[in-house]
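Colleague:
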Amino acid sequence: MNKKIKASAAIVAAFALSLGAFAATSASAATKTYTLAYQGPLSGGEASTGIDEQNGVKYAIKVFEAANPGYKINLVSVDDEGDPAVASKVAPGVGTNRKIIGLVGPAYSGATIASLPYYKAGNLTVISPSATRVSLTDPKSATVKSDYGRPIFHRVVATDDKQGPALAKFAIKGLTAPKVFVFDDQSSYAVPLRGYVEAALKKIVGASIVGSGDSVPNTTTDFSPTIAKIKTAGATVVIYTGYYSQAAVFIKQLRDSGSTAVFAGGDGVFNQEFAKLAGKSGENARLTGVAGLSDVDPKLEADFKAKMGVSSGVYAVESIDAANIFLSGILNGKTTRAAINKWVKSYSGKGLGGTSLKFNQHGDISEGGFAGFLVTGGKLVNQGAVV
Amino acid sequence: MFTVFIDQFWQLTISGIALGFIYVLIALGYTMVYGVLRMINFANSEIFMWGTFGAIVASRDLFRYNQTTEPATGGKLALVLFIQLFAAMAFAAVVSVIVELAAYRRLRARGTNRLATLISAIGMSMVLSETMRLMTDSRPVGSPRILEKVILTEVWGAQIRLDTLITIVAAGAIFIILERFVKLSRMGKAIRAVSMNEDAAKLMGINLNRVITVTFLVGGLATGAAGFFYVTVYEYTKFNIGFTMGLAAFTAAVVGGIGNIRGAFFGGVFLGLAEVYASAILGTQWKAVTIFIVLVLVLLFKPNGLFGEAVQQTRA
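Structure below.
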C-alpha cells in the first residue's frame, strides 16, 4: 500500500518536473536550450548517493554553460528512491518525454532493470555512473531479456565481476587465515555481487568462507539471528553486500554484541552517510568504491566547491564524465535521441581520472576499477586501487 | 542447519523475547480496539511509527543529543529515558485519539457498517505514514545513543545487555499496569462491558463514546511505549517501519486470540521467538514465510487464536 502511494507521488513529481522543463524550454528563444535528465535516489534511505551524483551532473552543466555561451541545459531530476518499484512508475513518463535527449543514471542496478523497457521503447540513451550489476551489459546472462540494456544502456563504471574480487581482497588484506562470513540484502545488486565475492574468496589461499551466510530483506531492523550466525561460525571478517542505510543499522548491532570482526562492504555501502549513521561503530570499516574528485585533482575539487557550495560526494567523477559525454554531443549538434545514441556509441575520449571512455558493443568501458576505502575518524579515506 | 540454533540458543531466546515484548505492546493496541469496536485499527502500525519519532524528538531536540554526544549516565540517563518514554507514549496516544475522533467517530455516528470504518483505517494509516514521509524526506532517522549498551553479564553463553534488560522489565511492567487497569478499574470494567455487549452497556448508563476514546488512548499509550523501546534498542526509525512491525504485531494479536489481552502477550512473545528462531535455522529470507505458515496452521486448528477471544461474541 505504502509503495503505491509513494510511487504515485513520484509520478506526479516527475510530471511536474517535466512540465517545468517544458516551460523553461519555451521561455528563451535566443539561447539554444536542451534537456538532460538525472535518475537516482533523491529521497529515501539512499538519497545521499543520488544527491552526490546529481551534483556532479549539475557541476558539469555549469562548467559547460560557462564555456559555451548561448547554450542552456535543463536538468530533469528523476527520483526513483533507488527502488525498482518506484523506478517502474517514474520511468514511463521520462521515456515518453521527448524533450529529454539523454539521461545520466539510473544510479542503482535494480532501478535500472525496472526502467530499461521504457527507455528502450523511447530510444532514450542512458549512461550510468554507478550501476554495477553484470547482467546489464552481458548478452549471455540468464536474465538477458529483461536485464540486457543494449542499445541504450551504457556505464562509466566497472562491473561487479571486478568489484567482487576487489572487495574480497580488500576485506581480508593483512589478515592471516581469515574466516569470512558473507551476507546480502536480497537486492538485484547485492545477490550477484555476493556470488562474485564468494567465488573470489574460494580462490584465495588461506581464506575460508564460514557459516552458510544469510540473505536479509532490506526492511530488517533486528539483525540478532545474523549476528548469532556470525558468532557460531567464528568469523573474523564480515562482508555485507547491500546499501549503506541498512549497513549502518547492522554494524551498530554487531559492535554492541561485542564482536570485533572486520566489517567490509561494497560500493553500495560506500557513502559518507554510512560513517555518519554508524558513528563509532563504523570506524575501520573497509569499503570498495571509486576515487573521488579530490583524489583525481584537488584543484577540480576546489572549483567544484566554489561553484556548487558543497564538497563533491561519491561517484562525482563518473557523474561528470557521463554528463560530459552528452554535453559534447549537444555541442556537436546531436540534439535528438537518435543522434545522441549514435554519438555515445562512437564516442571516444578521456575521463577526468584519465580513464579511456569508449564503449564496447554492450555499453561497457574497458578500463576502470575499484579502490579500497577505510572509515577513519568518520571519513572515507582512500587506500588506493585494489590490485 | 541447527548448529547456530543450538550454539546460540539462549542468545537467540533473549533477543526473541525482547523483540516479542515490543510486539506485545503494539499488539495490545490492536487487540483493545478490536475488543471494543470489533474493528481492526490498521492505523495502529503508524501510531507506533509516530511513537518512535516522539522518542527521538525528545532526546534530539529537547536534550540536544546528537550522533557524536557521549551516552548519558546516572540520574541524567534515567531522566532522559523517562522523558523519551513519556514523549513516545504521549505522541502515540494523541495521534491515536485524533485518529478515532477524525476518522472513526463520525462514521459510527452515521451508522455506517464496519467495512467503511476498516477502509477508513487503511486510509488513516496511509495519511500518517505519508505525512511522516514528507516531513523526513523519506530518510531514515538515526537516534542518538542515550544508553550505553553495556553487557551486564553472561548466562549460559548469552549476553544480558542493559538495553535488552530494560526493554524486557519495563515493557513487562507497562503491560501488567495496563492489564490491571482494564481488569480492575471502573473505566476498565466499562471497557469490558462494552466489549461484551454494547447495547446492554449503554442501558447501564455507560458513556459509549467516552469508553471508546479511552480505549484508543490506552492502546496508543501501549503502542507508543513500544516505539520507545524500539528506538532504544535499534537507534533508528523511518516513515515505513510501521508496516513490517505492525503486521507482525497484528499477527501476534491474531495468534493469541484477538480481543484477548493476555493472548496478545503470549502471541507477541511467541512471534518474537518464532521470527528469531526461523531466521537462525532457515535463514532470514525464510522469516516471513515461516511466520505466516505458522499463522495459517494456528488458525486452521484454533480459528479463535491460541487463547480464543476473552468474550464470546454476543453480537450478530
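Top line first, the protein sequences correspond to chains Z and P. Here the numbering used here is used: position 90 in the first sequence is 807, and no number is missing along the way. Here the numbering used here is used: position 20 in the second sequence is 232, and no number is missing along the way. C-beta atoms are modelled at their ideal positions from N, C-alpha and C, and glycine is treated no differently.
#1: Taking Glu798/Z as the reference, give the member of Pro786/Z, Asn785/Z, Ala831/Z and Ile790/Z with the closest Cα.
#2: May I ask you to check if the CB of Leu853/Z is nearer than 7 Å to at least one heavy atom of the ligand ZN?
#3: Using the three-state DSSP reduction, which class does Ala741/Z fall into: helix, strand or coil?
#4: With burial defined as no fewer than 16 other Cβ atoms inside 10 Å of the residue's Cβ, what is the status of Gly417/P: buried or exposed?
#5: Please confirm whether Ala764/Z has its beta-carbon closer than 8 Å to some beta-carbon of chain P.
#6: Can you find the residues in the same chain that come closer than 6 Å, C-beta to C-beta, to Leu884/Z, ignoring five residues on each side of it along the sequence?
#7: With a threshold of 6 Å on Cβ separation, who are the neighbours of Tyr1032/Z within its own chain once the five nearest residues in sequence on each side are excluded?
#8: Note down the Cα distance separating Ala965/Z from Leu429/P, rounded to an integer number of angstroms.
#9: Compare the C-alpha of Ala1023/Z against each of Ile956/Z, Lys879/Z, Lys749/Z and Val780/Z and name the closest.
#10: With distances taken between CB atoms, is the gap from Phe233/P to Gly384/P smaller than 8 Å?
#11: Does Val531/P come within less than 8 Å of chain Z when only Cβ atoms are used?
#12: Cutting at 7 Å between CB atoms, please list the residues of its own chain near Asn988/Z, excluding the five before and the five after it.
#13: For the segment 971 to 999 of chain Z, enumerate the residues whose C-beta is nearer than 8 Å to any C-beta of chain P, in chain order.
#14: Closest Cβ-Cβ distance between Glu770/Z and chain P: below 8 Å?
#15: List, from N- to C-terminal side, the alpha helix (DSSP H) runs of 4 residues or more that fit wholly inside the segment 1017 to 1071 of chain Z.
#16: Check each residue of the segment 918 to 947 of chain Z: if its Cβ is closer than 9 Å to any Cβ of chain C, include it; give the result in chain order.
#17: Compute the beta-carbon to beta-carbon distance between Phe440/P and Asn472/P, rounded to the nearest angstrom, for a pair I have assumed lies under 8 Å.
#18: Between Pro283/P and chain Z, is the shortest Cβ-Cβ distance under 8 Å, so that the two count as touching?
#19: Could you tell me whether any Cβ in chain P is nearer than 8 Å to the Cβ of Val966/Z?
#20: Check for me: the beta strand (DSSP E) holding Asp901/Z runs from which residue to which?
#21: At a Cβ threshold of 8 Å, is Glu798/Z touching chain P?
#22: Helix or strand or just coil, what does DSSP make of Gln989/Z?
#23: Could you list the residues in the segment 229 to 251 of chain P with a C-beta less than 7 Å from some C-beta on chain Z, going in chain order?
#24: Starting from Glu258/P and walking both ways along the alpha helix (DSSP H), at which residues does that stretch end?
#25: Which of the three DSSP states, helix, strand or coil, is assigned to Thr281/P?
#26: Going by DSSP, what residue range makes up the beta strand (DSSP E) through Thr376/P?
#27: Between the segment 415 to 444 of chain P and chain Z, which residues of the former have a C-beta closer than 7 Å to a C-beta of the latter?
#28: Going residue by residue through the segment 843 to 909 of chain Z, where are the continuous alpha helix (DSSP H) segments of at least 4 residues, counting only ones entirely within it?
#29: Which complete alpha helix (DSSP H) runs does the segment 396 to 452 of chain P hold, if anything under 4 residues is left out?
#30: Could you tell me whether the Cβ atoms of Ala950/Z and Gln223/P are closer together than 8 Å?
#31: Determine the closest residue to Leu359/P out of Val443/P, Gly469/P and Gly495/P, with distance taken between C-alpha atoms.
#32: What residues in its chain sit with their C-beta under 8 Å from that of Asn278/P, if we drop five residues either side in the sequence?
#33: For Gln756/Z, would you say it is in contact with chain P, using Cβ-to-Cβ distances shorter than 8 Å as the test?
#34: Using a cut-off of 7 Å between C-beta atoms, extract the partners of Thr949/Z located in chain P.
#35: Identify each residue in the segment 345 to 362 of chain P for which the Cβ-Cβ distance to at least one residue of chain Z is less than 8 Å, and report them in chain order.
#36: Step through the CB atoms of chain Z and report whether any lies within less than 8 Å of the CB of Ala461/P.
Modeller: Judging by the given coordinates:
#1: Ala831/Z
#2: No copy of the ligand ZN appears in this structure; indeed no ligand is present at all.
#3: For Ala741/Z, the predicted model reports a pLDDT of 49, less than 50, meaning its position is unreliable; a value from the coordinates is still stated below. Ala741/Z: helix per DSSP, three-state reduction.
#4: exposed
#5: yes
#6: Val914, Gly983 and Thr1005
#7: Glu770, Pro846 and Ser847
#8: 34 Å
#9: Val780/Z
#10: yes
#11: The question about residue 531/P has no answer, for chain P in this structure spans 213 to 528.
#12: Ser765, Thr766, Tyr961 and Val1031
#13: Asp973, Ser974, Gly975, Lys993, Leu994 and Gly996
#14: no
#15: 1033 to 1048 and 1054 to 1062
#16: Of the chains in the structure shown, none is chain C; the protein chains are Z and P.
#17: Actually they do not touch by this definition, with Cβ atoms about 24 Å apart.
#18: no
#19: yes
#20: Lys896 to Asp901
#21: yes
#22: helix
#23: Leu231
#24: Asn256 to Val269
#25: coil
#26: Looking at the DSSP string, Thr376/P is not in any beta strand (DSSP E); the run it does join, the alpha helix (DSSP H), is Leu374 to Leu396.
#27: none
#28: 861 to 864 and 877 to 889
#29: 398 to 408, 410 to 415 and 420 to 446
#30: no
#31: Val443/P
#32: Arg272 and Pro356
#33: no
#34: Thr215, Val216, Asp219 and Gln220
#35: Arg345, Asp349, Ser350, Arg351, Pro352, Gly354, Arg357 and Lys361
#36: no
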